[in-house]
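Residue numbers (this note's numbering): 25 to 331.
For every residue, glycine included, the Cβ atom is placed at its ideal position computed from N, Cα and C.
Just so you know, these numbers come straight off a predicted model, no measurement behind them.
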């Protein structure tokens, strides 16, 4: 089956079911940067990668697209149980429970938790094992640093594609917000953010280049989005170091995000209310750019039914 036809078939079979289940899991959970909309954004990145591979003459096995869409919609759901770095294991467990529930329903056995959605099928053993492995290890860069690059004759691996799709949501204005939110929720102080974020986002960009380095235009585009995050947090470090002498706007933005987390106020909503600061113009412009960036992914939302 042609890759784009395979993509369309996978979305027809799985997108509504998985997005609904993901939305159900995050119901009542305050985690704007990594909620069900994050999973939809990651799928929008994944489908773009598939389209780029198709145009480059790289073929994916028929099973890989279906495995990828399932992996995408479970990769960060473990954050509803723990915000820590080991959330991949919890995500794997939630995926296992999801399919175990449906196997139990089909055999008439009592399930641990009845799912609220129906599914097209339960993946076969080898396929499910690949899905679970990718979900658990999607954030482990040590497993992907040696991944073979995308080039003719080399079949992309599920783990590398999932990781790259997730990495793409860590760049740009969304990446700046995403890092601040999840690290602050982990108890990391604002002053510690620059060092941790710069190291992590550099690893993500290196991972992307290792896998997709042959797609020159794509990598050049992503370098600009990577630099937005890296440069912001470099400026943040400089701002904290010299804020008594020359105040800058980046620490103010982090303070706004931190205070919003304490109030459980979702700053990703376009009707947000921002406090008065000495840098209203800079911060207002930043949020408008964030809204514009996220609006570019509205096309994928049209594929997902409103519940």
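Selection from the options that minimises the alpha carbon distance to residue i
i: residue 200; options: 248, 253 and 185; result: 253
i: residue 79; options: 107, 242 and 96; result: 242
i: residue 180; options: 35, 154 and 285; result: 154
i: residue 59; options: 73, 93 and 102; result: 102
i: residue 271; options: 259, 182 and 280; result: 259
i: residue 71; options: 117, 151, 49 and 92; result: 92
i: residue 75; options: 310, 31, 97 and 206; result: 31
i: residue 296; options: 33, 311 and 152; result: 311
i: residue 207; options: 224, 196 and 124; result: 224
i: residue 123; options: 41, 35 and 197; result: 41
i: residue 35; options: 209, 64 and 317; result: 64
As assigned by DSSP and simplified to three states, the class of residue i
i: residue 40; result: helix
i: residue 111; result: helix
i: residue 126; result: helix
i: residue 273; result: coil
i: residue 82; result: coil
i: residue 143; result: coil
i: residue 212; result: coil
i: residue 297; result: coil
i: residue 246; result: helix
i: residue 148; result: coil
i: residue 26; result: coil
i: residue 251; result: helix
i: residue 96; result: helix
i: residue 305; result: helix
i: residue 52; result: coil
i: residue 290; result: coil
Burial state of residue i, where buried means 16 or more other Cβ atoms lie within 10 Å
i: residue 226; result: exposed
i: residue 269; result: exposed
i: residue 138; result: Any reading at residue 138 must be qualified, since the residue scores a pLDDT of 40, below 50, and its modelled position is unreliable; the value itself is stated next. Residue 138 is exposed by the Cβ-count criterion.
i: residue 250; result: buried
Whole-Å CB distance - residue i paired with residue j, under 8 Å assumed
i: residue 190; j: residue 202; result: Not really, about 10 Å apart at Cβ, beyond 8 Å.
i: residue 266; j: residue 274; result: So it is not a contact: roughly 12 Å between Cβ atoms.
i: residue 218; j: residue 257; result: 4 Å
Test: residue i CB closer than 8 Å to a CB of chain E
i: residue 67; result: Looking at the structure shown, chain E is missing, and only one protein chain is on hand.
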